[in-house]
Every structure is written in structure tokens, then in C-alpha cells.
Amino acid sequence: AALDRRYLNPIVNRNPATAQALSEALCEHLRTAVANLEKVALLDSQTRLWTRLIDLARRYSPDPLSEKGGLRINHGLSQQSLAESVGLTRVIVNRVLSRWRSAGLIELGRGFIIILDADALEKAVAERTPAADHLAKPVDAGSIGR
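For the sequence shown, the numbering used here begins at 332 and goes up steadily by one.
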């Protein structure tokens, strides 16, 4: 969305609460952007993908448990879009997802992923994460309300 300054400025000047709310929203957006840049720059591919899946689960899993008992993520993204969202190539995302599927950790479908064993997947990702990189620790799967 775009807001033209000539329309926004009079509103903000007349209403300090609006100015405050706008400022807070912009700050939150900036924090999110910086965090995403840090993830792309500092995390390995599996951790980036795992973190993105957890973000998607928070956003697109109103009922996180699937019929198979796993965490169903109805993200609606192609592998190309998923790859672009974490700064990877589609080939790398496909390779990582295929490895996780072969290990029995996830199931894939058009526009959705089911994480069959979030704890095992988190452990598999953590084992490949460099111990010295404090930012590379995967997101706690328990925090998404399973």
C-alpha cells in the first residue's frame, strides 16, 4: 500500500495518536526486515527453511494439527516462491525438502507441507547448525501452539 504524503501529513499533524501508531507500525516493519536480512545472511539453508516453515505455520495454520497428526502448513507457495522468501534457489529448497521427506519428517503437497515430527525435524536442523553461530538456533516448534 502507498500513502501519498499530501494526504497523510494533514491527518498525522491533526492526530498525534495516528502519528504514534504509524511510527510503531513502521518500526515493527523495519525490525522484521532487518531480522529477515540477518537470517538470509547468517543462517545455513536448512535453518533458513525451517525458520520460514515455522513462520508460515504461525500464519497459515489455524488448526495446526493435520489429519495425520502433524503440523499442516497451508502456505499456497510454489517451491520457487518458498526459495525466494529465504534467499535460496528452488533446487536447494527441493533438495532439503526431499531429504526431510525421505527421512519421514515431512509430507509435501501442492501448496502445503505437513511436518510429521516437528521435534525430530528441529533436532535434525539443529545438528547441522554451526554451534558457534548463536543466531542459527532453530525456532522452538513448541512455541507455535501444537
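Every residue, glycine too, gets a C-beta built ideally from N, C-alpha and C.
Inset, instruction - Label threonine 378 either buried or exposed according to how many other C-beta atoms from any shown protein chain fall within 10 Å of its C-beta, with 16 as the threshold for buried. - result: Locating residue 378 in the sequence shown gives position 47, counting from the first residue. With 16 or more neighbouring CB atoms inside 10 Å of its own CB, threonine 378 falls in the buried class.
Legend entry - CB of leucine 436 within 7 Å of CB of alanine 451, strictly: Start at 1 with the first residue of the sequence shown, and residue 436 comes out as number 105. Start at 1 with the first residue of the sequence shown, and residue 451 comes out as number 120. Cβ atoms of leucine 436 and alanine 451: closer than 7 Å.
Inset, instruction - Can you tell me which of Asn344, Arg383 and Leu447 puts its alpha carbon nearest to the alpha carbon of alanine 366? - result: Walking along the sequence shown from the start, residue 366 turns up at place 35. For alanine 366, the closest of Asn344, Arg383 and Leu447 by C-alpha to C-alpha distance is Arg383.
Inset, instruction - Please report how far the alpha carbon of valine 422 lies from the alpha carbon of glutamine 410, in whole angstroms. - result: Locating residue 422 in the sequence shown gives position 91, where the first residue counts as 1. Locating residue 410 in the sequence shown gives position 79, where the first residue counts as 1. So the two alpha carbons sit approximately 9 Å from each other.
Legend entry - isoleucine 342 versus cysteine 358: straight-line alpha-carbon distance, rounded: Along the sequence shown, one-based indexing puts residue 342 at 11. Along the sequence shown, one-based indexing puts residue 358 at 27. Spanning the two alpha carbons is a distance of roughly 19 Å.
Legend entry - Which residues DSSP lists as bridging glutamate 438, in chain order: The count along the sequence shown starts at 1 and reaches residue 438 at position 107. In the DSSP output, where bridge partners are listed per residue, glutamate 438 has Ile445.
Legend entry - Inter-residue CB distance, arginine 389 and phenylalanine 443 (contact presumed, cutoff 8 Å): Position 58 of the sequence shown, counting from 1, holds the residue named residue 389. Position 112 of the sequence shown, counting from 1, holds the residue named residue 443. At roughly 15 Å, the Cβ-Cβ gap does not stay under 8 Å, so arginine 389 and phenylalanine 443 are not in contact.
Inset, instruction - Could you tell me the boundaries of the beta strand (DSSP E) in which leucine 402 lies? - result: As a working note, residue 402 is residue 71 in the sequence shown. Per DSSP, the unbroken beta strand (DSSP E) holding leucine 402 starts and ends at 402–404.
Legend entry - asparagine 346 beta carbon near the ligand HEM (any heavy atom closer than 6 Å): The model depicted lacks the ligand HEM and carries no ligand whatsoever.
Legend entry - Rounded straight-line distance, which links the Cα of glutamate 355 to that of isoleucine 446: Here residue 446 refers to the residue found at position 115 when the sequence shown is read from its first residue. Here residue 355 refers to the residue found at position 24 when the sequence shown is read from its first residue. Rounded to whole angstroms, the separation of the alpha carbons of glutamate 355 and isoleucine 446 is 34 Å.
Legend entry - Span of the alpha helix (DSSP H) around alanine 483: No answer is possible for residue 483: the residues shown for the chain start at 332 and end at 477.
Legend entry - Reduced DSSP category for serine 433 - H, G, I as helix; E, B as strand; rest coil: By 1-based counting over the sequence shown, the position of residue 433 is 102. Of the three classes helix, strand and coil, the one that applies to serine 433 here is helix, per DSSP.
Inset, instruction - Grab me the residues of tryptophan 431's own chain with a C-beta within less than 6 Å of its C-beta, minus the 5 sequence neighbours each way, in chain order. - result: Within the sequence shown, numbered from 1, the residue matching residue 431 stands at position 100. Same-chain partners within the cutoff: Ile437.
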